[in-house]
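**Q** What the sequence shown shows, in full-length UniProt numbering, is residues 1 to 91, in sequence order.
Glycine included, every Cβ here is placed at the ideal spot set by N, Cα and C.
Pasting in a structure now, in structure tokens, and then I'll have a few things to ask.
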Amino acid sequence: MIAHNNEGHVVERVKAHRFHKPTLRYEMLIKWKGLSDVEETWDLVEKLMKDVPALVLQYCQLKAKDPVMQKMSKALKIPLRKGGVADATST
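Right, here's the structure in full:
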């Protein structure tokens, strides 16, 4: 469960990722369980890695070939393996 609008909500899924140029940070678009699409939020990947690391790693595996994801994984030290599978043994 993560705080969303000062309330606890469950992340349903990650829908997208981006490098947000104004803040120079990586973000993921979060779909919240039980909330409408208009309540989706862009959240910092660093925060999501602390709150829902398994979900973030699963999404990263699926998008491992995306150039933005490759830059993000390198910058944030999120281990990716060739072929789009996260390497849980990497540090």
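Grab the span of the alpha helix (DSSP H) containing V68 for me, first residue to last.
**A** Looking at the DSSP string, the run of the alpha helix (DSSP H) that includes V68 is P67 to A75.
**Q** Would you give the residue range spanned by the beta strand (DSSP E) that K15 belongs to?
**A** It spans V11 to H20 - the beta strand (DSSP E) in which K15 sits, taken as one unbroken run.
**Q** For K31, tell me which candidate among K63, S73 and D43 has the shortest Cα-Cα distance.
**A** Residue D43 is the option with its Cα nearest to K31.
**Q** Start and end of the beta strand (DSSP E) containing E40?
**A** That residue, E40, is in no beta strand (DSSP E); it is neither H nor E in DSSP.
**Q** What separation, rounded to the nearest whole angstrom, lies between the Cα atoms of P22 and V45?
**A** When rounded, the distance between both Cα atoms is 15 Å.
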